[in-house]
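These protein sequences, in sequence, are chains A and B. Sequence positions in the first sequence follow my numbering and run 1 to 113. Sequence positions in the second sequence follow my numbering and run 1001 to 1115. Ideal Cβ placement from N, Cα and C applies to all residues, glycine included. Just below is one structure, and these are the notes that go with it.
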Amino acid sequence: KNQVEQSPQSLIILEGKNCTLQCNYTVSPFSNLRWYKQDTGRGPVSLTIMTFSENTKSNGRYTATLDADTKQSSLHITASQLSDSASYICVVSARDSNYQLIWGAGTKLIIKP
Amino acid sequence: NAGVTQTPKFQVLKTGQSMTLQCAQDMNHEYMSWYRQDPGMGLRLIHYSVGAGITDQGEVPNGYNVSRSTTEDFPLRLLSAAPSQTSVYFCASSYESERFPYEQYFGPGTRLTVT
Chain A
1 KNQVEQSPQS
11 LIILEGKNCT
21 LQCNYTVSPF
31 SNLRWYKQDT
41 GRGPVSLTIM
51 TFSENTKSNG
61 RYTATLDADT
71 KQSSLHITAS
81 QLSDSASYIC
91 VVSARDSNYQ
101 LIWGAGTKLI
111 IKP
Chain B
1001 NAGVTQTPKF
1011 QVLKTGQSMT
1021 LQCAQDMNHE
1031 YMSWYRQDPG
1041 MGLRLIHYSV
1051 GAGITDQGEV
1061 PNGYNVSRST
1071 TEDFPLRLLS
1081 AAPSQTSVYF
1091 CASSYESERF
1101 PYEQYFGPGT
1111 RLTVT
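Laid out in structure tokens, this is it:
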């Protein structure tokens, strides 16, 4: 069964610190992997989209990595800011099932001053 | 550009009532979709459309209808509301279906409570 699992479920860090969020998936055959940021009460906003051939992709202070062999991805946030407090969701697209997206449950990140 | 807009923001229904959640986008996107988000779970696809006049079912379509008469609008109808449909509903649009890695744009959501 195609699944996406994220860890940790929640994380609290101090402002200015770095953190890494994990995503493991069992989706096959793989098409692409996306990371979204969802602020409380808002819709998800795309951070990165990575295809099979991409190992690393950055968007400002956000860097996503992808290891298609181990079916793992991570999202690294550098020099965290209070505005980074949000849920971060990993989403994987399979090349079958009409390419529908399989959504993880998200990691809730809280940045404390 | 307003992006993806949804109305209403909040809605309370009694069991058995019907209603329509509105979604509109002004980016000329062909692909639109409806999701529901429940606590502790990933978003689940309800219905999607690859263009005007074409709709299809997603993972959890029961109890919902959609239509796509124009590129811009993609309303979601709840036929007879049930407490299990209490959720936050998101509409999204994209240039193409998920087959291509185009960015999806989400609306602000509609928080629905069915009593």
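Spatial neighbours of Phe1010 (chain B) in its own chain (CB-CB distance under 7 Å, excluding positions within 5 residues in sequence) are listed in chain order as Arg1111.
Residue-level contact by beta carbon holds for Glu1103 (chain B) and chain A, with a gap shorter than 9 Å.
Using beta-carbon distances, Phe1074 (chain B) does not count as an interface residue toward chain A, since no partner is under 9 Å.
By the Cβ test, the segment 81 to 100 of chain A is in contact with the segment 34 to 50 of chain A, since at least three Cβ pairs between them sit closer than 8 Å. Counting only Cβ-Cβ distances below 7 Å, Trp103 (chain A) has contacts in chain B at Gly1042, Leu1043, in chain order. The three-state reading of DSSP puts Ser1094 (chain B) in strand, counting E and B together.
Taking a C-beta distance under 9 Å as the contact criterion, Ile102 (chain A) and Gln81 (chain A) do not qualify as a contact pair.
By the Cβ rule, the segment 1074 to 1085 of chain B does not count as touching the segment 88 to 97 of chain A, because fewer than three pairs are nearer than 8 Å.
Note on Val91 (chain A): 16 or more other CB atoms within 10 angstroms of its CB, so buried under the neighbour-count rule.
Of the other Cβ atoms in all chains shown, fewer than 16 fall within 10 Å of the Cβ of Ala1002 (chain B); this residue is therefore exposed. In its chain, beyond the 5 residues on either side, Thr65, Leu66, Asp67 have a beta carbon closer than 8 Å to the beta carbon of Asn55 (chain A). Only Gly1042, Leu1043, Arg1044, Leu1045, Tyr1048, Asp1056, Gly1058, Glu1059 from the segment 1042 to 1072 of chain B bring a Cβ to less than 9 Å from some Cβ of chain A. At a cut-off of 9 Å between beta-carbon atoms, Gly60 (chain A) makes no contact with chain B. Ranking B:Glu1072, B:Ala1081, B:Tyr1105, B:Thr1020 by CA distance to the CA of Asp1026 (chain B) puts B:Glu1072 first. Put simply, the CB of Val1012 (chain B) is far from chain A, with every gap to its CB atoms at 9 Å or more. Chain A has no Cβ within less than 9 Å of the Cβ of Val1114 (chain B). Rounded to whole angstroms, Ser74 (chain A) and Phe52 (chain A) show a C-alpha spacing of 15 Å.
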